[in-house]
Amino acid sequence: MADAFLIALREALQCALLLALALFVPPAADSGKNARALVLGVAAAFLAGFPLGFLTGGGKDLLAKETWTFWRYIAESVLFYLSVLFVIRRPSPSARMVFAGLFVLGFFLFFFESRALGFLVHDIGRMQERPAAVLGSALGGVAAGFLPLVLLRKYLKKIPFEQAFTLPSLLMTIGALQLWFGGVAELEKENIMVPLQRGLLAFLSGGMQSLQSLLMLTDHPFLDVTASGLARYLSGDRPALALTVLFVMTPPVFILIHLFAPADPVVSDIAVAARRRQTVAFFRNELLARAVPVLTVFVVLVVLLHAVNVSLNPLYEPAPLPVHRSESNASVIAIPLSDKFGDFSDKKLRKYVYYHGNKQIIFLAILKPDGTVGVALDQCEICKPAEWNTDAQGYAQKGEHLICKYCMTPVATSTVNNPGGCNPIPVPFKVSDSKIIIGVDDLVGLFAKAQALDKKGTHL
Amino acid sequence: MIAKLRTFLASWWFTAALLLALCAAYLSFTFGEAPYARWVRFLFHSPLGLGLYAGLIVNLLAASLLVAGSALGKRPLAPETIRAMDAWTSAATTDPRALQKAEAWMKSKGFPADAEGNAVRGVQGAFSFLPGAAFRAGLVVLLASVLVSASLRRSEVVTLHAGEKASAFGRSFTLERLSAALPADYLQVGDEDAFLLEKASATVTSSGASYEVTPGLPVRLGGIFVRLVHLGYAQSFAGSLGGAAFARDIDLDVLPPGRTEIVPLASGAFFTVSLEPDRTITKGLLKGKQYNLASPLYRIVVQRGREAGNAAALTLRAGERGSAQGAVVSLGRDGLYARLQAVRDPALPAIYLGLLLTFAGAALMISRFFWFRKELVALYEGTTLFVGCKEEYFKKWGIRRFHLWKGELLALLDAETKP
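In structure tokens, the structure reads:
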């Protein structure tokens, strides 16, 4: 029940934030009628979306999940790019058009999230066998999410939002925040960036193949074809990422250019020098205030792009496999180079855990580029993240590098077994009979020394 | 009406609408399999797709003509047009040489001034529209030629050995010689395959002329284009298997090393042929296999029926003979075979030209950061000299520059500005 409440609370708070921005900036701030249009839109979205998701829940959705997600992406993109349209063409709509536009804006602020919420609440209710209670707590969560906006509206009205936001920058900010929030995280783990980049990659790949076929320069497994390297590059990750960046960054850059394009006001006809300076200063201060939301969105989008890039190029970190003393020689641990868990020749990182009393000694092994094996503790002498920060402990693999998860330093796999710096602490071993042989006493002693070094506090 | 239609066809809005429609079409195909292939079929084989595509070509053409027309044409000057420019000023003066002084002032600022009756016009970067024009022209040529190619292209692939003759689209040709720089000591390390044959070519003669056909750019043979698309070993096999003799010339597809060719024989038997390394080198856990690709060693497994244990393995080079478990195999002369792709497509040269122009235009567009149209105009009407400036980009700086300069002109005229 608490899950449904918290999810609903989170989604409502996100919507309330977007609504707060839109409510206190013209045109919604111009009149009560316009503000009501916006609020009515949000209410209509909830009343339409929540029952739609709730009634069609239980695995029988009206449309496929991917279709709902697709249309959410379209709505977010349209909102985001409307900002560019309103920079190019300043609208001068009638009062009715403004009312309708604000209603539609409010509707799309919350429709898809409401539908997903209804679907999720139905599922949680079924699983917990308390549908009414779960529904009640979800509705309570929605109400609680909008409550701060209701309570703080008088104070929010006093904030001079209209000095910072223009209509284009408002739409861009709302669009960017929606891109960041994504959908309901429990149903849709990805925001638009990941499928956008994958889609662009597929398009570029198909496009380059078509172009090569058109030019009679189709690629070949071993014949050297003119410009095949260029074609492979253009159909790779980087151009797709570049296009994703272009898609995401165009509105804020466009708005920034238009913001700073106008010249300073002409003050040559003002006799008093102080008044001239004051006029120019007011103009520039207004520009800076208007630039703040755009620059904030810019930073948010950069962080979002980085997160997407990381998720598309994840670090490889296998779960440690338990190892024990060898049956034939209890003083050593023997790890086969090739077994049912794989072959070292795939050059992938392998981690192992040896239980010594109540301690877990985690160490890693990897085939180095020169064909020899590297074995080391899954820690270095320098970095020691806090005990609670388990995500930052040890190493992961990215290509031909090990990455320290704490300081993100790449360590070439060819340097494993070399002590010092950010390298993992080497473990003495030998290779015999296609097995890695590690002395148990060596491993335990080394681990104890590393622990002692930790306690001494010589780390970052 | 025509002018409005012309403006609409050349407008950015039309371009944006067309591109959005094309994107929407592509997105609609992403719900199924192979979206890109289906989208291309939609573009070239459906009325709506063709309409969008043709619309894009018309839009680009119209935009290019409009831009060129407005850049090269001279708009008549009037006080209203000057007041509509980025920055302007006016000065009351009865100096009969006001216009000449304005002209001299423009020239001193680097503007090649051109007198037009009671006006002077100075333009920098008059031809700065050319990079964009080249880019758009390249796109128009490319798009139009792709459309033609989609309808008219015909392709054939022929497999030839040295000395053989073939014909494609009514054009006959003979493969005189095949050459490939196959190394005698190719080292394959681990499971990675980095085999790349840099020099491979087929000498083809047709109508008395000789042509060098490579895997690179296609070669024109009269009305068709030919390119080398595959290369492999041609090997003759002979022998006997269970008393039954066989003799066959086989085109083996065993490159790069690691590939296996299955050759069926009569009565359910078959060969599997692959390249055998001459030598295996082990360093640590890595294994390197050295192949003599110039004179390859084949591993031939003769399989009789599907039961295990009915296989006989041999390793032979060309000209050698071997036997195992009742199977006798001898390899005759070796050689190479080539697959040539012949294409009849009148639009192919235009596709190349369009692509070249597009890339050239795109590269030249970088110059637009500093090479763009700047205009200074002066009009003397009655007793007032109107002076205005307009810049294509970075207008803010142009306005600032004009306000700094205008003082000099006014000093030359010894005139007062009219507010």
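Residue numbers (our numbering), protein chains in the order written: chain A, 26 to 485; chain B, 25 to 443. By construction, the Cβ of each residue, glycine as well, lies at the ideal position given by its N, Cα and C atoms. Quick caveat: nothing in here was measured; it's all calculated off a predicted structure.
When the distance is taken between beta carbons, is residue 381 of chain B closer than 8 Å to residue 115 of chain B?
With contacts defined by Cβ atoms closer than 8 Å, residue 115 of chain B and residue 381 of chain B do not form a contacting pair.
Check the DSSP bridge columns for residue 249 of chain B and list the partner residues they point to.
Residue pairing for residue 249 of chain B: DSSP places it in a beta bridge opposite B/244, B/367.
is_contact[residue 313 of chain A, chain B] using C-beta, thresh 8 Å
No, residue 313 of chain A does not count as interfacial toward chain B.
Among B/146, B/120, B/141, nearest to residue 132 of chain B - alpha-carbon criterion
The shortest Cα separation from residue 132 of chain B among B/146, B/120, B/141 belongs to B/146.
Would you kindly report the start and end of the unbroken alpha helix (DSSP H) that includes residue 429 of chain B?
That run of the alpha helix (DSSP H) goes 419-437.
Do the CB positions of residue 276 of chain A and residue 108 of chain A come within less than 8 Å of each other?
For the pair residue 276 of chain A and residue 108 of chain A, the CB atoms are nearer than the 8 Å cut-off.
From the DSSP output, in three-state form, read off residue 485 of chain A for me.
Reliability of the predicted coordinates at residue 485 of chain A is poor, the pLDDT of 45 falling under 50, and the value obtained from them is presented with this limitation in mind. Coil at residue 485 of chain A, not helix or strand.
With a threshold of 8 Å between beta-carbons, can residue 57 of chain B be considered close to chain A, or not?
At least 8 Å separates the CB of residue 57 of chain B from every CB of chain A.
Output, in chain order, the set of chain B residues within a Cβ distance shorter than 8 Å of residue 235 of chain A.
The answer, in chain order, is 60, 64.
Cβ of residue 303 of chain B within 8 Å of Cβ of residue 321 of chain B?
Cβ distance not < 8 Å, so residue 303 of chain B and residue 321 of chain B don't count as in contact.
Could you work out which residue in B/166, B/39, B/96 is closest to residue 86 of chain B when comparing CA atoms only?
That would be B/39, whose Cα lies nearest to the Cα of residue 86 of chain B.
Buried or exposed for residue 476 of chain A, please, with buried defined as at least 16 other CB atoms from any protein chain shown within 10 angstroms of its CB.
With fewer than 16 Cβ atoms within 10 Å of its Cβ, residue 476 of chain A is classed as exposed.
Whole-Å CB distance - residue 82 of chain B paired with residue 371 of chain B, under 8 Å assumed
About 18 Å separates the CB atoms of residue 82 of chain B and residue 371 of chain B; that is not less than 8 Å, and the two are not in contact.
Quick check on DSSP: helix, strand or coil for residue 424 of chain A?
In this structure, residue 424 of chain A counts as coil in the three-state DSSP scheme.
Residue range of the beta strand (DSSP E) that residue 431 of chain A falls in?
Bounds of any beta strand (DSSP E) do not take in residue 431 of chain A, whose DSSP letter is neither H nor E.
Pick from B/204, B/241, B/428: whose alpha carbon is nearest that of residue 317 of chain B?
Considering only alpha carbons, the answer is B/204.
In chain A, which residues lie with their C-beta within 7 Å of the C-beta of residue 221 of chain B?
Those are 247, 248, 249, listed as they occur along chain A.
Going along chain A, which residues have a C-beta under 7 Å from residue 279 of chain B?
Those within 7 Å of residue 279 of chain B in chain A are 247.
Based on DSSP bridge pairs, tell me the residues matched to residue 283 of chain B.
The beta-bridge partner set that DSSP reports for residue 283 of chain B consists of B/281.
Do the CB positions of residue 401 of chain B and residue 101 of chain B come within less than 8 Å of each other?
Pairing residue 401 of chain B with residue 101 of chain B gives a Cβ-Cβ distance under 8 Å.
Distance, Cα to Cα, residue 442 of chain B vs residue 55 of chain A?
In this prediction, residue 442 of chain B has a pLDDT of 49, which is less than 50 and means its spatial position is unreliable; what the coordinates show is noted afterwards. Rounded to whole angstroms, residue 442 of chain B to residue 55 of chain A spans 40 Å at the Cα level.
State the Cα-Cα distance for the pair residue 380 of chain A and residue 456 of chain A, rounded to the nearest angstrom.
C-alpha separation (whole angstroms): 22 Å.
Proximal residues of chain B, C-beta to C-beta of residue 287 of chain A below 8 Å
Chain B residues near residue 287 of chain A: 420.
Out of B/143, B/129, B/196, which has the shortest C-alpha to C-alpha gap to residue 436 of chain B?
Closest option to residue 436 of chain B, Cα to Cα, is B/129.
Does residue 320 of chain B have its Cβ less than 8 Å from a Cβ in chain A?
Output row for residue 320 of chain B: interface = no.
Pull up the CB-CB distance for residue 359 of chain B and residue 186 of chain B, whole angstroms please, since I reckon it's below 8 Å.
So it is a contact: roughly 6 Å between Cβ atoms.
Would residue 241 of chain A pass as an interface residue toward chain B - the criterion being a Cβ-Cβ separation below 8 Å?
Under the 8 Å criterion on CB atoms, residue 241 of chain A is classed as interfacial with respect to chain B.
Per-residue DSSP class, three states only, for residue 209 of chain A:
Residue state, collapsed to three classes: coil.
Assign residue 137 of chain B to one of two classes, buried (16 or more other C-beta atoms within 10 Å of its C-beta) or exposed (fewer than that).
With 16 or more other CB atoms across the displayed protein chains lying within 10 angstroms of its CB, residue 137 of chain B is buried.
Is there a Cβ from chain A that is less than 8 Å from the Cβ of residue 392 of chain B?
The beta-carbon of residue 392 of chain B is placed no less than 8 Å from the nearest beta-carbon of chain A.
Less than 8 Å between CB atoms is the rule here; does residue 69 of chain A satisfy it with respect to chain B?
Not one chain B Cβ lies under 8 Å of residue 69 of chain A.
With distance defined between alpha-carbon atoms, name the residue in A/313, A/385, A/462 nearest to residue 399 of chain A.
For residue 399 of chain A, the closest of A/313, A/385, A/462 by C-alpha to C-alpha distance is A/462.
Indicate whether the contact test is met: 3 or more Cβ pairs, each with one atom in the stretch 209-222 of chain A and one in the stretch 93-105 of chain A, closer than 8 Å.
The stretch 209-222 of chain A, when compared against the stretch 93-105 of chain A, does touch it at the 8 Å Cβ threshold.
Ignore the nearest five residues each way along the sequence and tell me which others in residue 422 of chain A's own chain have a CB closer than 6 Å to its CB.
If we look at residue 422 of chain A and ignore the five residues flanking it on each side, its Cβ neighbours are 341, 374.
Using a Cβ cut-off of 8 Å (strictly closer), state whether residue 29 of chain A contacts chain B.
Residue-level contact by beta carbon fails for residue 29 of chain A and chain B, as no gap is shorter than 8 Å.
Identify the residues that DSSP records as bridge partners of residue 101 of chain A: which are they?
Answer by DSSP bridge pairing: none, since residue 101 of chain A is not bridged.
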